[in-house]
Amino acid sequence: YAKELGGNQVQFFSPHIYAKTVRRMMLEKHLRKALEKNEFVLMYQPQVNVIANEIVGFESLIRWDSPQLGRVSPLEFIPIAEETGLIYSIGKWVIEKACAQNKHWQNLGLPKVSMAVNLSSKQFYDRSLCEQIANILQVTGLEPQYLELEITESMTMDVQVALATLNSFNNMGLQIAMDDFGTGYSSLSYLKEFPIHHLKIDQSFVKDISVNPTHAAIVNTIITLARNLKINVIAEGVENEADLKVLQDFQCDTVQGYLFGRPVGASEVPEIFAKFARESVQSSDA
Ligand code: C2E
Ligand code: MG
Ligand code: MG
Ligand code: MG
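Residue numbering for the sequence shown is 64 to 349, as defined by this note's numbering.
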């Protein structure tokens with residue numbers, strides 16, 4: 064009987080589930096105030112053309128610095144923002160901030176490159192999104208070709224609506240990237256129908272590409288597919304020279320990963336441009 068009770072207790076008062084529930088409640092409570100309290104930060108990670116050794120863009124990656132919870136990963140709070148609907152205001156803030164920041168760098172005289180922004184599913188299916196983006200571009204003065212919107216395969220489940228929104232983006236002159244490619248339930252035929260400019264190979268395939276022949280084969284196939292469809296490929300999560308070498312053998316020219324730079328705060332970006340400029344001068348001298 065005691066054992067049975069113990070079993071029940073484990074079921075109903077599991078410390079693990081309890082801790083998870085409390086954490087989730089705390090996150091939600093503080094997330095509701097995070098925007099007005101100015102607790103979000105954008106970090107920027109360079110995307111590099113390895114042939115020219117030149118920065119072609121940055122991806123903006125949100126961080127939440129909560130006084131109560133510390134720095135919280137987007138992997139933890141974006142799903143909560145989605146469930147609660149907070150993603151609409153947070154997502155809008157991200158687009159505004161990213162566009163204003165990119166325009167600011169251009170005004171400083173830095174090379175004009177694209178700024179990629181991750182969209183979440185609810186945001187993507189928000190009927191006012193295109194108008195919202197058009198307004199932000201107008202207010203910030205950023206030209207549309209310098210804003211890139213990242214969606215994932217799982218967000219295109221409603222094919223008709225997704226296609227209509229993507230066509231609008233495309234007609235507005237925006238860049239479109241398919242993020243985390245290879246991890247979702249992709250229908251390859253949609254790749255042909257959707258106006259997609261960039262395909263980002265998921266880092267889970269890239270990370271061990273030099274030691275995992277299966278992943279190498281998958282990545283090689285994705286690169287070939289994209290080339291045939293005239294879609295640019297970006298390899299995510301490039302961490303070492305061995306991975307880079309394999310990608311270059313497969314003729315993948317654009318990469319993003321710790322090897323070329325971790326996500327940094329806005330103030331560090333001018334120095335990153337300067338570093339790449341110095342390095343390409345050196346390599347053309349050599
Ligand atoms: P993602 O869009 O696929 O972004 C790439 C993630 O990989 C980022 O993690 C980045 O810091 C990390 N990363 C880049 N290079 C490397 C590498 O060489 N090695 C390793 N191990 N990791 C690398 P992060 O910043 O933690 O973001 C995680 C995810 O959260 C993003 O994945 C994206 O799905 C989501 N996210 C980030 N910012 C936003 C946002 O503003 N809005 C929305 N809706 N989602 C966002
Ligand atoms: Mg992304
Ligand atoms: Mg990704
Ligand atoms: Mg992702």
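Note that CB positions come from ideal geometry on N, CA and C, so glycine has one too.
Quick caveat: nothing in here was measured; it's all calculated off a predicted structure.
- Per DSSP, the unbroken beta strand (DSSP E) holding G120 starts and ends at E117 to S129.
- Within the region 156 to 195, the beta strand (DSSP E) runs of at least 3 residues that lie entirely inside it are, in chain order, 177 to 181.
- DSSP links E299 through a beta bridge to Q319.
- Distance from the CA of Y321 to the CA of L138, rounded to the nearest whole angstrom, comes to 18 Å.
- Sequence-distant Cβ neighbours of G120 in its own chain, meaning closer than 7 Å and more than five residues away, are Q110, V176, S177, M178, A179 and E211.
- By the criterion of a C-beta distance shorter than 7 Å, L149 is surrounded in its chain by L94 and R95, once the five residues flanking it on both sides are discounted.
- Under a 10 Å Cβ-count criterion, L292 is classified as exposed, with fewer than 16 other Cβ atoms of the shown protein chains found around its own Cβ.
- In chain order, the residues positioned with their C-beta nearer than 7 Å to some heavy atom of ligand 3 are D242, D243, K263, D265, Q266 and E299.
- When rounded, the separation of the alpha-carbon atoms in R190 and A279 is 39 Å.
- Per DSSP, reduced to three states, the secondary structure at F244 is strand.
- Per DSSP, Q311 is one residue of the alpha helix (DSSP H) stretching across E304 to D312.
- Secondary structure at V274: coil, using DSSP grouped into helix, strand and coil.
- Runs of alpha helix (DSSP H) with 4 or more residues, each lying fully within the region 197 to 234, are absent.
- Remark: the C-beta of E213 is in contact range of ligand 2, defined as less than 7 Å to any heavy atom.
- Here Y107 is bridged, per DSSP, to S123 and V327.
- In the structure shown, the three-state DSSP call for L98 is coil.
- Distance from E299 to K263 at the Cβ level is roughly 5 Å; contact confirmed, criterion being Cβ atoms closer than 8 Å.
- Each residue's CA atom was taken as its position, placing Q131 and A144 some 17 Å apart.
- Boundaries for V135: no alpha helix (DSSP H) harbours it, while the beta strand (DSSP E) harbouring it runs G133 to V135, taken from the DSSP string.
- Here I150 carries a helix assignment [DSSP, helix/strand/coil].
- In the DSSP annotation of this structure, the continuous segment of the alpha helix (DSSP H) that includes K255 starts and ends at L251 to E256.
- If you ignore the 5 residues before and after D128, its C-beta comes within less than 7 Å of the C-beta of E102, V104 and R134, all in its own chain and listed in chain order.
- Per the C-alpha coordinates, the member of F244, L200, P258 and Q311 positioned closest to T228 is P258.
- Straight through space, the alpha carbons of N198 and S273 are spaced by roughly 45 Å.
- Shown here, I114 sits in coil according to DSSP, grouped into three states, outside any helix or strand.
- Annotation: S77 is outside any alpha helix (DSSP H) and is labelled neither H nor E by DSSP.
- The straight-line gap separating the alpha-carbon atoms of T147 and K155 is approximately 15 Å.
- Ranked by how close their Cα comes to the Cα of G324, the residues G172, E334 and E213 have E334 in first place.
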